[in-house]
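Peer 1: Structure in structure tokens, see below.
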Amino acid sequence: MNIASKSAFVLNQRHLLGIAGLSREQIVGLLDLAGSFVELNRQIEKKLTSLRGRTLMNLFFEASTRTQASFELAGKRLGADVMNMSVSSSSMRKGETLIDTAVTLNAMHPDIIVVRHHSSGAVELLARKVDCAVINAGDGAHEHPTQALLDALTIRRNKGRIEGLTVAICGDILHSRVARSNIILLNTLGARVRVVAPSTLMPPGIERFGVEATRDMREGLAGADIVMMLRLQRERMSGSFVPSVQEYFHYFGLDEKKLAYAKPDALIMHPGPMNRGVEIDSLIADSAQSLIREQVEMGVAARMAVLDALSRTLPNG
Amino acid sequence: MLSERRPILLANARIIDPARDADIEGDVLIAEGVIREAKRGIGAAGVPEGTEIVDCRGKVVAPGLVDMRAYIGEPGAGYRETFVSASQAAAAGGVTTIICQPDTKPVIDNASTVDFVQRRARDTGIVHIHPMAALTKGLKGEEMTDFGLLRAAGAVAFTDGQKSVRNAQVMRRAMTYARDFDELIVHHTEDPDLVGEGVMNEGEFASRLGLMGIPTMAETIMLERDIRLLGMSGGRYHAASLTCSSALDVLRRAKDAGLGITASASINHLTLNEIDIGPYRTFLKLAPPLRAEDDRLALVEAVRSGLIDTIMSDHNPQDVETKRLPFEEAAPGAIGIETMLCAGLRLVHAEQIDLMTLVRAMSTRPAELLGLPGGTLRSGAPADVIVIDTDVPWVLDPTALKSKCQNTPFDEARMQGRVVRTIVAGRTVYEYI
Chain S
0 MNIASKSAFV
10 LNQRHLLGIA
20 GLSREQIVGL
30 LDLAGSFVEL
40 NRQIEKKLTS
50 LRGRTLMNLF
60 FEASTRTQAS
70 FELAGKRLGA
80 DVMNMSVSSS
90 SMRKGETLID
100 TAVTLNAMHP
110 DIIVVRHHSS
120 GAVELLARKV
130 DCAVINAGDG
140 AHEHPTQALL
150 DALTIRRNKG
160 RIEGLTVAIC
170 GDILHSRVAR
180 SNIILLNTLG
190 ARVRVVAPST
200 LMPPGIERFG
210 VEATRDMREG
220 LAGADIVMML
230 RLQRERMSGS
240 FVPSVQEYFH
250 YFGLDEKKLA
260 YAKPDALIMH
270 PGPMNRGVEI
280 DSLIADSAQS
290 LIREQVEMGV
300 AARMAVLDAL
310 SRTLPNG
Chain Z
0 MLSERRPILL
10 ANARIIDPAR
20 DADIEGDVLI
30 AEGVIREAKR
40 GIGAAGVPEG
50 TEIVDCRGKV
60 VAPGLVDMRA
70 YIGEPGAGYR
80 ETFVSASQAA
90 AAGGVTTIIC
100 QPDTKPVIDN
110 ASTVDFVQRR
120 ARDTGIVHIH
130 PMAALTKGLK
140 GEEMTDFGLL
150 RAAGAVAFTD
160 GQKSVRNAQV
170 MRRAMTYARD
180 FDELIVHHTE
190 DPDLVGEGVM
200 NEGEFASRLG
210 LMGIPTMAET
220 IMLERDIRLL
230 GMSGGRYHAA
240 SLTCSSALDV
250 LRRAKDAGLG
260 ITASASINHL
270 TLNEIDIGPY
280 RTFLKLAPPL
290 RAEDDRLALV
300 EAVRSGLIDT
310 IMSDHNPQDV
320 ETKRLPFEEA
330 APGAIGIETM
340 LCAGLRLVHA
350 EQIDLMTLVR
360 AMSTRPAELL
370 GLPGGTLRSG
380 APADVIVIDT
390 DVPWVLDPTA
400 LKSKCQNTPF
410 DEARMQGRVV
420 RTIVAGRTVY
430 EYI
């Protein structure tokens, strides 16, 4: 079965570096395409051919089993040859710079490189130095576009729409690329976005992002349709932003009491991996209201959509 | 190396001499390394035989610029900049005296290193070069250096370069001791703890880029601290690079209270703001960082009013290895000695400050503060003179700049006006063709 021939959605740009700059039509087009891949992935015959003969390189300077595996599966299901490069096995450890690594890989003529890096802007820097298409799998605290797409897909499939929904994003907003990409995407599709965090974890100027910002979980979750929890990113903090895990969980963690502030049919999301007992109660994470597992499934479909849409603007294609 | 020194007559110029508040039409006669006269009507008849006569109709003649803050990589980092390349860049930018910084390898914190710098600069450079010596040994912020002996060796002021002295007691003692020698302490006011992991101005733009921010208070709080310490010790203090209105408010109060405080602004902070960083352009990563437009405008007004005394280039050559990196990892700094004047002319063309004020801030006041003989066209002053064409349009090509490094924030910028001739000690060291 070949869905590729039916789908004509083209992204019309060389890279996907962020949600910023995507139009409403482009986002909806990607979500629709991703939706079609969800059905495909549930069948036995999963292989398509839009990337047959193409080489996809996963270049992860920051460790991530789930996102890397998700992209690998997505690429293979579209027929691509997939190669994984993570920092521990590459010459980056020997002091090779980001640019040198990019130029070296570029010489091997990949068609698409998927990059994750711990510094904001690093993926854009790399994209300027290569000839192939580049997909941002997360750059520092800046953007994680495919996460925002899979989150939107998950929301749409469970709530039927995004426009008019109240979505509360809670946690370490300051350091979160997931939060930033989601804020842009959800606003573009007409959702009402709230962010909840202690003041030390709020980005300066957040009020100008078109969100309601609050330090109070009751206020933040009031009437929410979707509650999106972020991991407390301990390894990204080099100072003390919150006094302790206990304090954080008590005031900002999602437990039964706080979940009750949201709508009765509110659904829970988390980009993973979770710190159980830190930002989210273990039982709640596994409850019927939780979409966390479905997000992972949507992730493969969303990434297939991005790869497929970009593939149509690859040279010699 | 240098040609024989003939007398020079710069004729029919608009003469700007801030030392005498003079803006007049006239001629400037230079002979034997000094300015003979700068006045109307000297004419070709009134000059010695063999004088080179340069028609400066439509052009400005001003004292050569004195750049109070430029990093030169000698000793230790000659691949970034040498006295040769720095002085050529200076000459092409109308800077006739460079004050270089002590954060070299080794640090300029002892008399023999000062001596080395003086000799090497004198032997290889084509403009005057004087070093500032370190305020603390090794720039560690712990023990003060030999102010007296370093001055005797040729240091013109004391600073820890881009580093701030964290310990208030150390700063207090240094100020107290420096006062006995009437030495100028120059301090980069940024509280390192409030800077923390920050890489650009704190605010909405940094948040959108996903970069950690440096609040303006990191600068203002450190300045306030130093001002209180200065109140205890007396003496002379110069804030190396101010960037924001809250710091300017603090500076104003301190000046009103009669404290011996002065301040510089970098040409970068006067002509650029945080938005110029755009898509993570590392040539715009500076310390202190570029601020919001409101702060930039307040800074320009402060130059206009004289609250900010001097403008410097903050010339900081960084090569590809330290700049072609993700923004967080890149080293801060931009070159600027060659572009300081023409960037400053933007402010003149925009009528935000006048040419007299610009020249005063870039030439006369720095010379005064450091007790150097330049910055004026008075008779008997050293013949460090520049001829400026304020209107000639040109496009900045980074590869044509004379610095060894090309990290300029003005890549491909359209410029209007530039220096067309630079004279140092009575010899022409640069001419724009």
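Residue numbers (numbering that gives the first Met the number 0), protein chains in the order written: chain S, 0 to 316; chain Z, 0 to 432.
Just so it is clear, CB atoms sit at the ideal spot from N, CA and C, and this is done for glycine as well.
Everything numeric in this text was worked out from a predicted model, so none of it was measured.
State the beta-bridge partners of Z/GLY212 as determined by DSSP.
Peer 2: The sequence position of residue 212 of chain Z within the second sequence is 213, counting from 1. Z/GLY212 has Z/MET199 as its beta-bridge partners, per DSSP.
Peer 1: Measuring straight from C-alpha to C-alpha, what distance separates S/LEU164 and S/VAL277?
Peer 2: Here residue 164 of chain S refers to the residue found at position 165 when the first sequence is read from its first residue. Here residue 277 of chain S refers to the residue found at position 278 when the first sequence is read from its first residue. Each residue's CA atom was taken as its position, placing S/LEU164 and S/VAL277 some 26 Å apart.
Peer 1: Quick check: what's the CA-CA separation for S/CYS131 versus S/ARG13?
Peer 2: Sequence index remark: in the first sequence, residue 131 of chain S carries index 132 (1-based). Sequence index remark: in the first sequence, residue 13 of chain S carries index 14 (1-based). Their backbone Cα atoms lie some 8 Å apart in a straight line.
Peer 1: Quick one: list the residues of chain Z neighbouring S/LEU97, beta-carbon separation under 9 Å, in chain order.
Peer 2: Translated into positions along the first sequence, residue 97 of chain S becomes position 98. What S/LEU97 touches in chain Z: ARG323, LEU324, PRO325, GLU328.
Peer 1: Roughly how far, in whole angstroms, is the beta-carbon of Z/VAL94 from the beta-carbon of Z/VAL126, given that I think they are within contact range, below 8 Å?
Peer 2: By 1-based counting over the second sequence, the position of residue 94 of chain Z is 95. By 1-based counting over the second sequence, the position of residue 126 of chain Z is 127. With 8 Å as the limit, Z/VAL94 and Z/VAL126 qualify as a contact, their Cβ atoms being about 6 Å apart.
Peer 1: Tell me, to the nearest whole angstrom, how far the beta carbon of S/ILE205 is from that of S/ILE172; I am working on the premise that it is less than 8 Å.
Peer 2: The count along the first sequence starts at 1 and reaches residue 205 of chain S at position 206. The count along the first sequence starts at 1 and reaches residue 172 of chain S at position 173. That belief holds up - the Cβ atoms of S/ILE205 and S/ILE172 are roughly 7 Å apart, short of 8 Å.
Peer 1: Mapping DSSP to helix, strand and coil, what is Z/HIS314?
Peer 2: The residue given as residue 314 of chain Z occupies position 315 in the second sequence. The answer is strand: DSSP assigns Z/HIS314 an E or B state.
Peer 1: Mind pulling the chain Z residues with CB within less than 9 Å of S/ILE205?
Peer 2: Taking the first sequence and counting its residues from 1, the one referred to as residue 205 of chain S is at position 206. Correct list: GLU203, SER206.
Peer 1: Starting from S/ARG176, find everything on chain Z with Cβ-Cβ shorter than 7 Å and list it in chain order.
Peer 2: Translated into positions along the first sequence, residue 176 of chain S becomes position 177. Correct list: GLY209.
Peer 1: Quick check on Z/PHE180: buried or exposed, where buried means 16 or more other Cβ atoms within 10 Å of its Cβ?
Peer 2: Residue numbering aside, residue 180 of chain Z sits at position 181 when the second sequence is read from its first letter. Exposed: under 16 other Cβ atoms inside 10 Å.
Peer 1: Can you give me the C-alpha to C-alpha distance between Z/LEU283 and Z/ASP108, rounded to a whole angstrom?
Peer 2: On the second sequence, position 284 is the one that residue 283 of chain Z refers to. On the second sequence, position 109 is the one that residue 108 of chain Z refers to. Looking at the two C-alpha atoms, the distance is approximately 30 Å.
Peer 1: Under DSSP, the beta strand (DSSP E) around Z/TYR236 begins and ends at which residues?
Peer 2: Looking up residue 236 of chain Z in the second sequence gives position 237. Element bounds for Z/TYR236: 235-238.
Peer 1: Does the distance from the CB of S/ASN57 to the CB of S/ASN83 come in under 8 Å?
Peer 2: Walking along the first sequence from the start, residue 57 of chain S turns up at place 58. Walking along the first sequence from the start, residue 83 of chain S turns up at place 84. Contact: yes.
Peer 1: 8 Å is my cut-off, CB to CB: does S/HIS143 come that close to chain Z?
Peer 2: The count along the first sequence starts at 1 and reaches residue 143 of chain S at position 144. Not one chain Z Cβ lies under 8 Å of S/HIS143.
Peer 1: Report the rounded CA-to-CA distance for Z/ALA253 versus Z/ILE260, giving the unit in angstroms.
Peer 2: Here the question's residue 253 of chain Z lines up with position 254 in the second sequence. Here the question's residue 260 of chain Z lines up with position 261 in the second sequence. Distance between the alpha carbons of Z/ALA253 and Z/ILE260: 7 Å.
Peer 1: Could you have a look at Z/ASP225 and say whether DSSP puts it in helix, strand or coil?
Peer 2: Locating residue 225 of chain Z in the second sequence gives position 226, where the first residue counts as 1. Looking at Z/ASP225 - three-state DSSP - the assignment turns out to be helix.
Peer 1: Does the beta-carbon distance from S/ALA308 to S/LEU10 come in below 8 Å?
Peer 2: Here residue 308 of chain S refers to the residue found at position 309 when the first sequence is read from its first residue. Here residue 10 of chain S refers to the residue found at position 11 when the first sequence is read from its first residue. Yes.
Peer 1: Does chain S have any CB closer than 8 Å to the CB of Z/TYR78?
Peer 2: The residue labelled residue 78 of chain Z in the question sits at position 79 within the second sequence. Judged by the 8 Å Cβ criterion, Z/TYR78 is not in contact with chain S.
Peer 1: Taking buried to mean at least 16 other C-beta atoms within 10 Å of its own C-beta, is Z/LEU148 buried or exposed?
Peer 2: By one-based count along the second sequence, residue 148 of chain Z stands at place 149. Around the Cβ of Z/LEU148, a 10 Å sphere holds fewer than 16 other Cβ atoms; the residue is exposed.
Peer 1: How far does the alpha helix (DSSP H) with S/PHE36 in it extend, from its first residue to its last?
Peer 2: Here the question's residue 36 of chain S lines up with position 37 in the first sequence. Counting along the chain, the alpha helix (DSSP H) containing S/PHE36 begins and ends at 23-40.
Peer 1: Report the neighbours of Z/GLY212 on chain S: residues whose CB is nearer than 8 Å to its CB, in chain order.
Peer 2: Taking the second sequence and counting its residues from 1, the one referred to as residue 212 of chain Z is at position 213. Ordered by position in chain S, the residues that pass the 8 Å Cβ test against Z/GLY212 are PRO203.
Peer 1: Cβ atoms of S/ALA121 and S/ASP138: under 8 Å apart, would you say?
Peer 2: Looking up residue 138 of chain S in the first sequence gives position 139. Looking up residue 121 of chain S in the first sequence gives position 122. Closer than 8 Å, so yes.
Peer 1: Can you give the beta carbon distance from Z/ILE14 to Z/LEU247, rounded, assuming they're within the 8 Å contact cut?
Peer 2: Taking the first residue of the second sequence as position 1, residue 14 of chain Z is located at position 15. Taking the first residue of the second sequence as position 1, residue 247 of chain Z is located at position 248. Not confirmed; about 32 Å, so no contact.
Peer 1: Going along chain Z in order, which residues have a C-beta closer than 8 Å to the C-beta of S/GLU123?
Peer 2: What you label residue 123 of chain S is simply residue 124 of the first sequence in a count that begins at 1. Those are PRO278, TYR279, listed as they occur along chain Z.
Peer 1: Who does Z/ALA262 pair with in a DSSP beta bridge?
Peer 2: One-based indexing of the second sequence puts residue 262 of chain Z at position 263. According to DSSP, which records beta bridges pairwise, Z/ALA262 is partnered with Z/ALA238.
Peer 1: Could you tell me whether the Cβ of S/SER118 comes closer than 8 Å to any Cβ of chain Z?
Peer 2: By one-based count along the first sequence, residue 118 of chain S stands at place 119. Yes - at least one Cβ of chain Z is within 8 Å of the one on S/SER118.
Peer 1: What is the DSSP secondary structure of Z/VAL347, counted as helix, strand or coil?
Peer 2: For the purposes of this step, residue 347 of chain Z is identified with residue 348 of the second sequence, where counting begins at 1. DSSP places Z/VAL347 in helix when its eight states are reduced to three.
Peer 1: If we cut at 8 Å on Cβ distances, does S/ARG115 have a partner in chain Z?
Peer 2: Locating residue 115 of chain S in the first sequence gives position 116, counting from the first residue. No, its Cβ sits nowhere closer than 8 Å to a Cβ of chain Z.
Peer 1: Return the first residue and the last residue of the alpha helix (DSSP H) that S/MET297 is part of.
Peer 2: Counted from its first residue, the first sequence places residue 297 of chain S at position 298. First-last of the alpha helix (DSSP H) with S/MET297: 291-310.
Peer 1: Let me know if Z/ARG39 comes out buried or exposed under the rule of 16 or more other beta-carbons within 10 Å of its beta-carbon.
Peer 2: Translated into the one-based positions of the second sequence, residue 39 of chain Z becomes position 40. Counting every other CB atom within 10 Å of its CB across the protein chains shown gives Z/ARG39 a total below 16, marking it as exposed.
Peer 1: Look at the alpha carbon of S/GLN294 and the alpha carbon of S/ARG179, and state the distance between them as a whole number of angstroms.
Peer 2: Against the first sequence, residue 294 of chain S aligns to sequence position 295. Against the first sequence, residue 179 of chain S aligns to sequence position 180. So the alpha carbons of these two residues sit roughly 18 Å apart.
Peer 1: Specify whether the segment 105-117 of chain S and the segment 53-73 of chain S touch according to this definition: at least 3 beta carbon pairs, one from each stretch, less than 8 Å apart.
Peer 2: yes
Peer 1: Distance, Cα to Cα, S/HIS141 vs S/ARG176?
Peer 2: The count along the first sequence starts at 1 and reaches residue 141 of chain S at position 142. The count along the first sequence starts at 1 and reaches residue 176 of chain S at position 177. Cα to Cα, the separation comes out at about 5 Å.
Peer 1: Measuring CB to CB, does S/PHE70 end up less than 8 Å from S/ARG302?
Peer 2: In the first sequence, residue 70 of chain S corresponds to position 71, counting from 1. In the first sequence, residue 302 of chain S corresponds to position 303, counting from 1. Contact flag set, yes.
Peer 1: Could you give the first and the last residue of the continuous beta strand (DSSP E) run that contains Z/GLN405?
Peer 2: In the second sequence, the residue the question calls residue 405 of chain Z occupies position 406. Premise fails: Z/GLN405 is in no beta strand (DSSP E) and is neither H nor E.
Peer 1: Does the count of Cβ pairs from the segment 211-230 of chain Z and the segment 25-42 of chain Z closer than 8 Å reach three?
Peer 2: no
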